[in-house]
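Peer 1: In our numbering, the protein residues as written are 601 to 740.
Even glycine gets a Cβ: it sits at the ideal position worked out from N, Cα and C.
None of these values were measured; they are calculated from a predicted model.
Got a structure here, written out as structure tokens. Questions coming.
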């Protein structure tokens, strides 16, 4: 009788642990809506074009408040926001940052520096910044 109870308890514990692990895995696989992905792409593309136009006109990026300067001087005409900031998901704590690769190209990404992850522009997936983009440094 004791062996049977022990077996039932072990099965229940394994079931609970498996359920917890399964939900953690699914949290990482959170799929974005098409609408949110399009918002993210619009903001990112506008900022990327604004950075390139600013550099073409001025020769370099502004020293401080890069995004604010781009918007105030008319190089980016979109409000910076994280389309997932009001939702409860893995992208909530990400911020827009400017990155620069070894070739001198600038790109805006939604980055969480605490865990070195970023949101892919094309798919909305969360990727590892260091593995996917090893030659990139964060500017802002």
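With DSSP as the reference, identify every bridge partner of residue 688, one or two as the case may be.
Peer 2: In DSSP, residue 688 forms no bridge with anything.
Peer 1: Beta-carbon within less than 7 Å of residue 712's beta-carbon, same chain only, minus the 5 sequence neighbours each way: which residues are those?
Peer 2: Excluding residues within five positions, the ones whose Cβ falls inside 7 Å are 693 and 694.
Peer 1: Looking only at C-alpha atoms, which of 604, 664 and 729 sits nearest to residue 721?
Peer 2: That would be 729, whose Cα lies nearest to the Cα of residue 721.
Peer 1: Rounded to the nearest angstrom, what separates residue 719 and residue 676 at their Cα positions?
Peer 2: Near 20 Å, if we compare the C-alpha coordinates of residue 676 and residue 719.
Peer 1: In the structure shown, what three-state DSSP assignment does residue 718 receive?
Peer 2: Reduced to three states, the DSSP call for residue 718 is strand.
Peer 1: Cutting at 7 Å between CB atoms, please list the residues of its own chain near residue 641, excluding the five before and the five after it.
Peer 2: Around residue 641: 721.
Peer 1: With H, G and I counted as helix, E and B as strand and the rest as coil, what does DSSP make of residue 682?
Peer 2: Of the three classes helix, strand and coil, the one that applies to residue 682 here is coil, per DSSP.
Peer 1: What does residue 648 pair with, by DSSP beta-bridge criteria?
Peer 2: Residue 648 is not bridged to any residue.
Peer 1: Buried or exposed: where does residue 660 fall if 16 or more other Cβ atoms within 10 Å of its Cβ makes it buried?
Peer 2: So residue 660 ends up on the exposed side.
Peer 1: What is the C-beta distance between residue 651 and residue 708, in whole angstroms, given that I count them as a contact (C-beta under 8 Å)?
Peer 2: Confirmed, about 7 Å.
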